[in-house]
Amino acid sequence: MYWHHRLTRKSSILVIVLSAIFLCGTYWSTRHFSNISKNENFESFVAASSETSDELDEDLPQVSLETKLKMAIDKLSAKGISPSALMLENLYYIPSEVPYESYNNTILHQPKSCKTQTLLSILVPSNPASIQERETIRETWGSVARGHKWPRHMQNYDVRVFFVLGTIGDRNLSEFVDSVAEHKYMSQGTGVNKIEQIDPINGGPVNDSDDAIETKAYVESIVQQEIKSFDDIIQFDMIDTYANLTRKLLLAFGWLIKSCHVSQFIMKADQDVFVNVPLLYTLLTHYAHKNTIYGHIYPNNWVERQGKWAVDKRTLPVDQYPIYAAGNAYIMSVDAAATVLRLAPYFPYVPVEDAFITGILASVGDVDRIHMSGFTKWSDPLPDECEFINNEIYVGNNATVHDLRIIWWHIMIPNIAGC
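Each residue of the sequence shown is one higher than the one before, counting from 667 in this note's numbering.
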């Protein structure tokens, strides 16, 4: 009992001593870090800690940029879709024995330098008056085609961007404005169908034919300056209207295949589209196949008989289109482009470019279609800039020239966006 009492008493004393040491240590620790947090050098203390952390991170295995892009692609779903075999049994889908159309419009201007190996050529249909849009694309996502690097990327992406133009035509400016992308003017609060038209160059109302002639001459002079300065314009001798968009693109396909045959893939992108070039380039380098079209694939949409996308039943005697890629942005391998180009003359001309080229002609030519979740369609809202910074999307549409510059600015300085 005596020894038991002595041990118990010693244990109690030991517990008291240890507790006192712990409390003193806690008090000192609290005082110590409290003094640091109040000290004017606290920021330098945190900075020094961060530097130490960064030095430790350098010793860890680093994930390459290409690996990160591949990982981003793996998160985006891709699904092959086939057209209805029953639908294609319609006699309409049998090519005519004699041509309906000839695609041989004279080329007025073409780029001189197109000899180097290029993975991707991007065709941007553009109206001659869309001067600001072309300038913005050249200075943002399209700058990689002019020798500039993508922000924080060391790799040079062998991509070319070509603007495909028609001509203004001899008509008054009111008619000309109607032929220029209508959504631009409506989005700015000015409907193109109002009596008072807006001059796309000067921003004021169009008064008479003299203004139209003056503006037409101004636009043509600017286009000539662009041709000399940038060597990226393909211009055909045809009136630049929406109805001629199918023709304009097929002519551009033909020029690329004959005169710029080193491209492996061809992309069509509208002027209101922002293209995530590094992500697309990685996709095409590692995952793409021949005889394939990539994009947002529509199911069998109905053929419209009225409005902007109307097609006469005598021209297109079917009620539904086969599957096709949304026209704001799609990619096709160069052999797929050659296939649709070969078939096009043997079908009546359809002005709905995406449905005709990537739907009707591609289906008859047995071209594969891949639905890509990272491609938007024309009715989708403009994606958030973080979706581009985090490589969650290949393309986004419905962007104004201001939107394109804002997205580019955030890509250059991603911390500002807080992604």
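Using N, Cα and C, we set each Cβ at its ideal position, and we do this for glycine too.
Proximity test, Cβ basis, 7 Å: residue i and chain D
i	result
A883	In the displayed structure, chain D is absent; only one protein chain is listed.
Residue i to residue j span [Cα, whole Å]
i	j	result
F1041	Y908	22 Å
P1017	L731	41 Å
A991	G1031	15 Å
V827	F919	13 Å
K778	T958	29 Å
M820	N967	43 Å
I747	E880	50 Å
A954	G961	12 Å
M1078	V1000	32 Å
R1008	I760	14 Å
I1072	Q890	28 Å
L916	I1082	42 Å
H1037	I739	13 Å
T784	A751	35 Å
E763	P1014	12 Å
S1039	C1085	21 Å
L1070	F931	24 Å
K815	G808	10 Å
P1080	N1057	12 Å
W975	N1063	19 Å
C1052	P965	29 Å
T948	A935	18 Å
T802	V830	16 Å
R804	R812	8 Å
Y766	T981	11 Å
R883	S929	As written in the sequence, residue 883 is Ala, which differs from the Arg given in the question. Answer to the nearest angstrom: the Cα atoms are 34 Å apart.
T912	S796	19 Å
L786	L950	8 Å
I923	A1003	8 Å
G855	M998	Low confidence applies here, because G855 scores a pLDDT of 35, under 50, leaving its location unreliable and the question unanswered by this model.
L757	V984	10 Å
T1066	I1055	19 Å
DSSP-derived helix/strand/coil call for residue i
i	result
P944	helix
R1035	strand
Q821	coil
W1075	helix
Y758	helix
L950	helix
Q986	strand
R800	helix
N1081	helix
Y996	strand
A991	strand
W807	helix
T833	strand
T958	strand
V764	coil
H826	The sequence as given places Arg at residue 826; His does not occur at that position. It is a strand residue.
Q901	strand
Y964	strand
T1027	Going by the sequence as given, residue 1027 is Leu instead of Thr. If DSSP states are grouped into helix, strand and coil, L1027 belongs with the helices.
A1137	Limits of the chain in this structure are 667 at one end and 1085 at the other, which puts residue 1137 out of reach.
Q972	coil
R980	coil
K894	helix
F1022	helix
V889	helix
Candidates the options, of which the one nearest residue i by Cα
i	options	result
V825	K924, I923, L946 and I747	L946
V1061	P944, P791 and Q776	P944
I905	Q986, M998 and P791	P791
D938	A795, D903, R812 and N994	N994
S768	T981, I1026, Y1012 and E1053	Y1012
T806	F940, F1054 and I1055	F940
A1028	L757, S1045 and V1006	V1006
V1033	I989, F896 and T733	I989
A1091	Y996, Y987 and D1050	It is not possible to answer for residue 1091, since the shown part of the chain is limited to 667 through 1085.
N942	G1025, S925, N771 and Y823	Y823
For residue i, the first and last residue of its enclosing beta strand (DSSP E)
i	result
P1017	From DSSP, P1017 is part of no beta strand (DSSP E); its letter is neither H nor E.
S929	S929 to A935
I747	A744 to I747
P791	T784 to P791
Y908	From DSSP, Y908 is part of no beta strand (DSSP E); its letter is neither H nor E.
I773	I773 to H775
First through last residue of the alpha helix (DSSP H) which encompasses residue i
i	result
L915	L911 to S925
D1001	V1000 to L1009
D740	L731 to K741
Whole alpha helix (DSSP H) runs in the segment 1043-1071 with 4 or more residues, listed along the chain?
1051-1055
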